[in-house]
Amino acid sequence: MTWLARLDPFLEAGTFEEQPPVYVREPGIRGWYRWVFGVPELEASPVLQWMYGALLLGFYATFNRWITSDNITVETLARGSHRCWPYYPDCGDLYFLSELPDGYSQTTLYMVLFALMVGCVVAVWRRRWTLAHLLMMPLYVWAVLVMWVFTQEFTGNYHYFHLLYCTMFLLARSKLYFLRRAMVWTYLLAGTIKLDDGWMMATYFLNLKTGLPLFPDAVAPLVSHAIIPLEVVVALWLLSGNYLLQRFALVMFLFFHLYSGILVNYMYPTMGTGPLLVLFGVSIRRMRTPFSLRNGLGWAVLLFVTVTHSWSFFLTGDTRRTLEANKYGLYMFEANHQCVSTVTYHGKDGKVETKRDESRSARRRCDPFGYLFRMQQRHCGESSRYARLTWRFDHSINGGPFYRMVDEQDACGLQYDPLRHNAWIKGPEDGAPIVGYPVKNEYR
Amino acid sequence: MADPKKKKKKKKGEVNLHPSGKPYIVLKGLEGNPPAGELNATQQAIDAAMPVLVPFWSVVIGLMVLNVLRILIRDYRTEPGPAWHVDPRD
């Protein structure tokens, strides 16, 4: 085994403790802040200090994309092109930013956040960990607000991972314990959505005209299928005290994140690779399970993530098609989508006009809620020039037939329940008719 | 008499039909792509085993969740084992 270990770049780093140091509350506001957010843990653990860097890189990657997005601007709201979460449909009331060419406020805000990120780097350089923690807080609060309150547009699963780790890092006690369990647990949860043809038979990838990257079609189903034991079984080995099992798991997940970037670009590897190497690269002595009230936040967050992720399993119908409760949990690559939304506008002046909207990209979720929300924002209400909207929505997943999932005469009158199955969204089990068959699509 | 093996030339405006008789819906930008939904040999083999595979992996997931709970309780009651290490004499 020694020859193998010689290749291990982490071997000489030594062994680190998961157990946080004992610390007491110091006087004053600073002492209160350090006590509440467990800053002494950060000061005592080089692993957590490296994790700080990995999370900061995640914020940089996130805001670098969001700075040029018009998803939460007042101009987007005015056009009715915004998209709220179904649990907070009035999110547009909160919008205050303008993006170029309409104004400078959004880029100004993101440059303030950039300045905070620079401040984080300087604070780390000077080893001022309380300040470093404090400077990261506004980045975290803004990202949470944007993702979970302002819009449903930024729902890349990499943001879910990043913000979960940030929550454990910034807010929880026994930070290293919960960070490591959160990563393993989310791998396991991600495995639970893969028990279908999309992953077990690779119908997701083999219905793309480009197939699965780097692997021929004949073995693609085996490779795709192998992700299930990787996420469900091998993920637990990341916490193993057995060197070979632990290193095998680390190498497999490292390869998994790097490979995924061929399809999803830099964002997911950026959010996944850094934390993976920091939390599981070096040897860490596990602590006793921290069942105590002061560790309640870490447990509550893990329980919350589990419940929201599992919500879709309790809804009737195939939620890969209905997309109900889909974005409350991990859903990466849950199905390859194609859809056609056809709306007929019946004007109050008697004019009738039909418009067709197609989505051919596998990764673009054909969520009936998203189409309905925008339709109602733009064209419904007393001031609308339309008397009613007729709506048909045809949806295919994983190369299967297009089912007419929505066929409604008055789309303005439809209500969307964010927690239950909506009877107006129909799947094959509800008798939705097949209207046609797809050709292979693309990932873009 | 027409040769049944000879492929019929498609007339302008004619829609390709799936064997079920329903049309192919070709979205803009996907023109010329082959039909979706056809299974290769590996997929067909897995498809045949799906009634066994889905319950199998469901049970594995259930066992793993139970295993996580077992480890949590074990690590609460007793000191967890040491971190991994490599002994040069190995």
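Residue numbers (the working numbering), protein chains in the order written: chain A, 1 to 444; chain B, 445 to 534. Quick reminder that beta carbons are idealized off the backbone N, C-alpha and C, glycines included. It should be emphasised that the depicted structure is a prediction, and the values quoted were computed from it without experimental measurement.
Exercise for the section: Return the Cβ separation of Leu302(A) and Arg180(A) in integer angstroms, given the expectation that the two are a contact with Cβ distance under 8 Å. Expected result: Between Arg180(A) and Leu302(A) the Cβ distance is about 12 Å, and since that is not below 8 Å, they are no contact.
Practice task
Can you tell me which of the three DSSP states Leu303(A) falls into?
Solution key: helix
Exercise for the section: Under 6 Å Cβ to Cβ from Leu42(A), same chain only, skipping five residues before and after it: list those, please. Expected result: Leu48, Trp129
Problem - Delimiting residues of the beta strand (DSSP E) encompassing Glu75(A) - result: First-last for Glu75(A): 74-79, but that is the alpha helix (DSSP H), not the beta strand (DSSP E).
Problem - Minimum Cβ-Cβ distance from Leu230(A) to chain B less than 9 Å - result: no
Practice task
Provide the residue span of the alpha helix (DSSP H) that contains Val439(A), from first to last.
Solution key: First-last for Val439(A): undefined, no H or E at that position.
Problem - Burial state of Val112(A) (16 or more Cβ within 10 Å) - result: exposed
Handout entry: Burial state of Leu195(A) (16 or more Cβ within 10 Å)
Key = buried
Practice task
Just mark Ser292(A) as buried or exposed, buried being the case when its beta carbon has 16 or more other beta carbons within 10 Å.
Solution key: exposed
Practice task
Report all residues from its chain with a CB closer than 8 Å to the CB of Ile228(A); omit the five preceding and five following residues, and keep chain order.
Solution key: Gly191, Lys194, Leu195, Trp199, Met200
Exercise for the section: Return no unless some Cβ of chain B is closer than 9 Å to the Cβ of Glu358(A). Expected result: Chain B contact via Cβ: present.
Exercise for the section: Determine the direct distance from the alpha carbon of Gly92(A) to that of Cys120(A), and round the result to whole angstroms. Expected result: 31 Å
Problem - N- and C-terminal bounds of the beta strand (DSSP E) containing Gln338(A) - result: 337-347
Handout entry: Given Leu277(A) as reference, the closest of Ala13(A), Tyr160(A), Leu4(A), Trp3(A) once Cα atoms are compared
Key = Ala13(A)
Practice task
State yes or no: is the C-beta of Tyr266(A) nearer than 8 Å to some heavy atom of the ligand ADP?
Solution key: Judged by which ligands are present, the structure shown has none, so any question about the ligand ADP falls away.
Practice task
Could you list which residues in chain B have their beta carbon closer than 7 Å to that of Ser283(A), in chain order?
Solution key: Ala527, Trp528, His529
Practice task
Take the Cβ of Gly473(B) as the centre, count every other Cβ of all protein chains shown within 10 Å, and call the residue buried at 16 or more, exposed below.
Solution key: A residue is called buried once 16 or more other Cβ atoms fall within 10 Å of its Cβ, and Gly473(B), having fewer, is exposed.
Handout entry: CB of Asn398(A) within 9 Å of CB of Arg365(A), strictly
Key = no
Exercise for the section: Give the range of the beta strand (DSSP E) segment to which Thr354(A) is assigned. Expected result: 352-359
Handout entry: Under 9 Å between C-beta atoms of Asn477(B) and Val439(A)
Key = In this structure, the beta-carbon distance from Asn477(B) to Val439(A) falls below 9 Å.
Problem - Inter-residue spacing [alpha-carbon to alpha-carbon] between Phe63(A) and Leu461(B) - result: So the alpha carbons of these two residues sit roughly 47 Å apart.
Exercise for the section: With a cut-off of 8 Å on the beta carbons, I'd call Glu358(A) and Leu516(B) a contact; round off their distance for me. Expected result: Their Cβ separation, rounded to whole angstroms, is 48 Å, which puts Glu358(A) and Leu516(B) out of contact at 8 Å.
Problem - chain A contact for Val512(B) (CB, 9 Å cutoff) - result: At least one C-beta of chain A is nearer than 9 Å to the C-beta of Val512(B).
Practice task
For Glu231(A), I'd like the list of residues in its chain whose CB is within less than 8 Å of its CB, leaving aside the five on either flank, ordered along the chain.
Solution key: Tyr187, Leu188, Ala190, Gly191, Lys194
Problem - the segment 22-35 of chain A contacting the segment 49-61 of chain A, beta-carbon criterion three pairs below 8 Å - result: Output reads no: the segment 49-61 of chain A does not touch the segment 22-35 of chain A.
Handout entry: Proximity test, Cβ basis, 9 Å: Asn207(A) and chain B
Key = yes
Problem - Supposed contact pair His346(A) and Tyr386(A) - C-beta distance, whole angstroms, cut 8 Å - result: 6 Å
Problem - 9 Å Cβ cutoff, Pro478(B) in contact with chain A - result: yes
Exercise for the section: Check whether the segment 23-31 of chain A touches the segment 240-256 of chain A, taking contact to mean three or more Cβ pairs, one atom from each stretch, closer than 8 Å. Expected result: no
Exercise for the section: Note down the Cα distance separating Ala493(B) from Val22(A), rounded to an integer number of angstroms. Expected result: Using only the alpha carbons, I get a separation of about 54 Å.
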